[in-house]
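Notes for the one structure printed next.
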Amino acid sequence: MRRVYLDHSATTPVDPEVAAIMMTYYTEKYGNPSSVHGFGRETKQALEQARNQVAELIGAASREITFTSGGTEADNLAILGTAEALRKKGKHIITSCIEHHAVLETCEYLEKNGFDLTVIPVDEEGIISVDEVRKAIRPDTILITVMHANNEVGSIQPIAEIGKLAKEHGIVFHVDAVQSLGKIPINVEEMNVDLLTVSGHKIYGPKGVGALYVRKGVRIVPLIHGGGQERKRRSGTENMPGIIGFGKACELAGQRMADDAKKQIKLRDKLMNGIVERIEYVKVNGPVGEKRLPNNVNVSIRYVEGESLLLSLDMLGIAASSGSACTSGSLDPSHVLLGMGLIHEIAHGSLRFSLGRQNTEEEIDYVLEQLPKIVERLRMMSPLYDQVIHSKQS
Amino acid sequence: MRRVYLDHSATTPVDPEVAAIMMTYYTEKYGNPSSVHGFGRETKQALEQARNQVAELIGAASREITFTSGGTEADNLAILGTAEALRKKGKHIITSCIEHHAVLETCEYLEKNGFDLTVIPVDEEGIISVDEVRKAIRPDTILITVMHANNEVGSIQPIAEIGKLAKEHGIVFHVDAVQSLGKIPINVEEMNVDLLTVSGHKIYGPKGVGALYVRKGVRIVPLIHGGGQERKRRSGTENMPGIIGFGKACELAGQRMADDAKKQIKLRDKLMNGIVERIEYVKVNGPVGEKRLPNNVNVSIRYVEGESLLLSLDMLGIAASSGSACTSGSLDPSHVLLGMGLIHEIAHGSLRFSLGRQNTEEEIDYVLEQLPKIVERLRMMSPLYDQVIHSKQS
Amino acid sequence: MYTEKVMDHFTNPRNVGEMENPDGVGEVGNAKCGDIMRIYLDIEGDIIKDVKFKTFGCGAAVATSSMVTEMVKGKTIDEAMVISNAAVAEALGGLPETKMHCSNLAADALHKAIGDYHDKQQKKE
Ligand SMILES: Cc1ncc(COP(=O)(O)O)c(C=O)c1O
Ligand SMILES: Cc1ncc(COP(=O)(O)O)c(C=O)c1O
Ligand code: FES
Ligand code: FES
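In order, the protein sequence lines correspond to chains V, A and L. Residues in the first sequence are numbered consecutively from 1, following full-length UniProt numbering. Residues in the second sequence are numbered consecutively from 1, following full-length UniProt numbering. Residues in the third sequence are numbered consecutively from 1, following full-length UniProt numbering.
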């Protein structure tokens, strides 16, 4: 069967070049970088090179990069680590309503443990207002944590402006850049960011590795205690093959970013416009143009339900994702779509296609050919659609 | 140059069979197991198979396995997670003085945050007395955390007896089995263990993956919050290739354990006895016979310093490790050797050789040929050895 | 971890040994890590004619010991007195951060040996 992978925001394949290097570090250069001997030294060197590759992609210094087991751990380290470090200074944290669970759940955990949380709303395009953040700031605010680009609707946030605000008030500023890394430029200096989360498996690197940028001088309490690796910020034997793969993936991402974006924007717009043209009662979620990630398409298709859409697409070999409650363990549809003001019913029928390096125009044609048929079939089954037809006829 | 790797307790190469499977999951079967589509389903299935492979090696049920980013994280999750879950019940924790830093540092972190810690001493062979544990138990003891086998001197602890004690008193019992997994049998039922830490990279599996066994009914608070993966115990996109590699490594370890042990015990004893025969003023650290891991050799060579030994061995291609202060960032020699009653000066000249599957008798011969020459040369430089020679002569 | 120069001095340490009737001897222990160095000086006029050392310590300790003996041979004692820990480390092309303290051993032992020489001189007078 034909397979069209359009779920790159969930995870990407590892670039073959990246995988090949990693292999060497699994089976040949397997030393522990903490070891004194040659096996250790050769990996230690590679570790520092990878650190540099990550740092370069975000405009940071090598020493400011702490490797973690992924984006989720890095988000936790940033938020819990800052809260612990600054709990005597204040207990107020600001975040937004469209953050990833790795940020939201962590903030809510703190809220349960005596911290105060302000959750900033977003506009209908899924963008946080800088003004709302400004209004939320209190004398005891210790942390602002917002994402660079949203994983569901691709909305890009005004990070530099919020960073300026945070700096003016002396508040630590954390940015979850898991979805933006390698897709749009990031510069921690220009953006005034103190802590920044990145992850390997969203940029053609391996799963199970990520990093937290920690600006020189910013103090965080470690989450994981032990041997004192990563300048005592993150203990545990370093995941060398993972780290080296991540480093390489960052290097490649830096080289390919402009080309990738250009190509993907073309496919993105073709897919988005194609759906709107071919299917009735469709709503595009998220911003259009500059404020949208190059690889994100998100639409709500009324009168059908997300999981049914996904399963039908899957039967044709098309992999996508949905903000439907039915695909998640929780029974609420996507908090992001609800946060943008979508009603339950519409959020329920939403579909995300996220493009990647390997996708072709021909694949987009295939989706545009199949999706209308699927929607048609599902709507025929839908009691909601009935009413629409009836009211039209009458 | 010839290379003889004798540092398997630090980390192991990945078995080629394991590496080959992992490769598939990096580049082909890269789906996110949480996804609804086929790419997700195929990895989800593999995830559950790996869980089963880990569970089998320790006599647990699949559902009791939570994957983590390694042994260090699993130790932290066990200790911090129990402390958080039971803080209202009591604040006393018992551990031993020879634990890995992942346990000791975590316990000390809790001590700084209002918990009470009792650190049990060990005898001169590096073995914890069950009686001492019994005496330390208080009505408010919530956790006993001790290791199964020590990473430096290979001493195997009386886990089943301590487990019995913990059970009698209704105290949660955590065991760090990172060094014993795959080397000696483990059965969480027979040992009455509630929480058990294991790690991939010590058993020819990948770095960056480990697991915590959590007995059904035992409650721990998560360390890393987010998407709710691993039955909400450990959030973050699953490190699929790592997990699958770890599962496979556990399966292989189960099959090979008896053979590996037999072969390594022979090499271990040859190396240990050979050193004692060939070099004067040597002390064997840790127990001999049954109570020692099959792959561990640890000796203190007086009047020479550990790092110098390591560097000299390294120049001949031999990779080992040492409990010398000079090889660690902290400036104290190994807390394990000091805990066993060794004086600073002797702990300083200690050397650990840890055997692995690929080591041969011929490699041991090579070490036994080179080591005495190295010791001779370093002793000639040593101001301490002078005094021995002089006092002998006079 | 170590520079080539450190490894060279560790592998082929210069001036290892003892001295009969030295003009000055200095021994220091590194309180931090328990390492020990002893240095012997042969002084004529105020020129260091010969120097020997013995060290129990890490690679950096051995290398800095060896390096310092090379640096002082043929120098006046005043010149030797101003050789600092940092200068020894620098002469080796640098040391890892966690190993900077090791260079104390060498410079301190040297200064102590010169002190011992002065003491002996005073006693003679
Ligand atoms: C915006 C965002 N933050 C954090 C994460 C978590 O990263 P990871 O999957 O590496 O744990 C993800 C992806 O799952 C994400 O999209
Ligand atoms: C006894 C023991 N516990 C815990 C660990 C930490 O495990 P990991 O290296 O997977 O973080 C190690 C190894 O470093 C160990 O030997
Ligand atoms: S109807 Fe099944 S989860 Fe929505
Ligand atoms: S002198 Fe001991 S660490 Fe160098």
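Virtual Cβ for every residue (Gly too), placed ideally from N, Cα, C. Note that the structure is a prediction, hence the values are computed from the model and not measured.
- [ ] Would you mind telling me which residues of chain L sit closer than 9 Å to A/A325, beta carbon to beta carbon, in chain order?
- [x] K32, C33, G34, D35, C58
- [ ] Using the Cα positions of V/P33 and L/C33, report the straight-line distance between them to the nearest angstrom.
- [x] 22 Å
Open item on the list: Can you tell me which residues form a DSSP beta bridge with A/I120?
Closed with: A/S96
Task: Selection from V/G254, V/V297, V/G286 that minimises the alpha carbon distance to V/R268 - done: V/V297
Open item on the list: Check for me: the alpha helix (DSSP H) holding A/M147 runs from which residue to which?
Closed with: Note, A/M147: premise wrong, no alpha helix (DSSP H); beta strand (DSSP E) at 141-147.
Task: Assigned exposure category for V/V276 - 16 Cβ within 10 Å defines buried - done: exposed
Open item on the list: Quick check: the Cα distance between V/Y109 and V/E84, rounded to an integer number of angstroms?
Closed with: 13 Å
- [ ] For my contact list, A/I144 and A/I186 are in at a C-beta cut-off of 8 Å; report their separation, rounded to the angstrom.
- [x] With 8 Å as the limit, A/I144 and A/I186 do not qualify as a contact, their Cβ atoms being about 17 Å apart.
Task: Coil, strand or helix - V/K232 by DSSP - done: coil
Task: Sequence-distant residues of the same chain with beta carbon closer than 6 Å to A/R233, five excluded per side - done: T66, P222
- [ ] Please check if any C-beta of chain L sits within less than 8 Å of the C-beta of A/P33.
- [x] no
Task: Residues that A/A319 bridges to, as DSSP identifies them - done: A/Y5
- [ ] Look at the Cβ atom of A/V36, then the Cβ atom of A/I318, and state whether they are nearer than 8 Å.
- [x] no
Task: Segment limits, alpha helix (DSSP H) that includes A/R377 - done: 361-381
TODO: Would you mind sorting V/G349 into buried or exposed? The rule is 16 or more other CB atoms within 10 Å of its CB.
DONE: buried
TODO: Mark A/G341 as exposed unless 16 or more other C-beta atoms lie within 10 angstroms of its C-beta, in which case mark it buried.
DONE: exposed
- [ ] Within the region 335-360 of chain A, note down every full alpha helix (DSSP H) run reaching 4 residues or more, in order along the chain.
- [x] 335-339, 344-347
Task: Cross-strand partners of A/T197 (DSSP beta bridge) - done: A/D176, A/L212
TODO: Determine, using beta carbons only, whether A/H225 comes closer than 8 Å to chain B.
DONE: Among the chains of the structure shown, chain B does not appear; the protein chains present are V, A and L.
Open item on the list: Beta-carbon within less than 7 Å of V/S322's beta-carbon, same chain only, minus the 5 sequence neighbours each way: which residues are those?
Closed with: G306, E307, L309, L310, S350, L351, R352
Task: Range covered by the beta strand (DSSP E) that runs through L/I48 - done: 47-56
- [ ] Express the C-alpha separation of V/R377 and V/Y366 in angstroms, rounding to a whole number.
- [x] 17 Å
Task: Simplified DSSP assignment, three categories, for A/N285 - done: coil
TODO: Mind reading off the beta-carbon distance from A/E161 to A/V130? Whole number of angstroms is fine, and I expect it under 8 Å.
DONE: 5 Å
- [ ] Give the straight-line distance between the Cα atoms of L/E18 and L/E4, rounded to the nearest whole angstrom.
- [x] 27 Å
- [ ] Could you name the residues of the region 258-274 of chain V whose beta carbon sits closer than 7 Å to any beta carbon of chain A, in the order they occur along the chain?
- [x] none
Open item on the list: Counting only C-beta atoms, is V/K183 closer than 8 Å to chain A at any point?
Closed with: no
Open item on the list: Strictly below 7 Å CB to CB, what residues from chain V border A/T66?
Closed with: Going along chain V, no residue has its Cβ under 7 Å from A/T66, so there is no contact; the nearest lies around 13 Å.
Open item on the list: Less than 7 Å separating the Cβ of V/V284 from some heavy atom of ligand 2?
Closed with: no
- [ ] Determine the DSSP secondary structure at A/R41, reduced to helix, strand or coil.
- [x] helix
TODO: Verify whether the separation of the beta carbon atoms of V/H201 and V/D176 is less than 8 Å.
DONE: no
TODO: Find the residues of chain V that neighbour A/N239, judging by a C-beta separation of less than 9 Å, and give them in chain order.
DONE: S69, G70, H201, P206, K207, G208, V209, N239, G242
Open item on the list: Does the beta-carbon of A/P384, which I'm using as the reference point, lie nearer than 7 Å to any heavy atom of ligand 4?
Closed with: The identity of residue 384 of chain A in the sequence shown is Leu, whereas the question assumes Pro. Checking the Cβ of A/L384 against ligand 4 gives no.
Task: Integer Cβ distance of V/G226 from A/V209, believed to fall under 8 Å - done: Their Cβ separation, rounded to whole angstroms, is 16 Å, which puts V/G226 and A/V209 out of contact at 8 Å.
Open item on the list: Counting only Cβ pairs nearer than 7 Å, list the residues of chain L close to A/H348.
Closed with: G34
Open item on the list: Starting from L/L41, trace the beta strand (DSSP E) in both directions and tell me its first and last residue.
Closed with: 36-44
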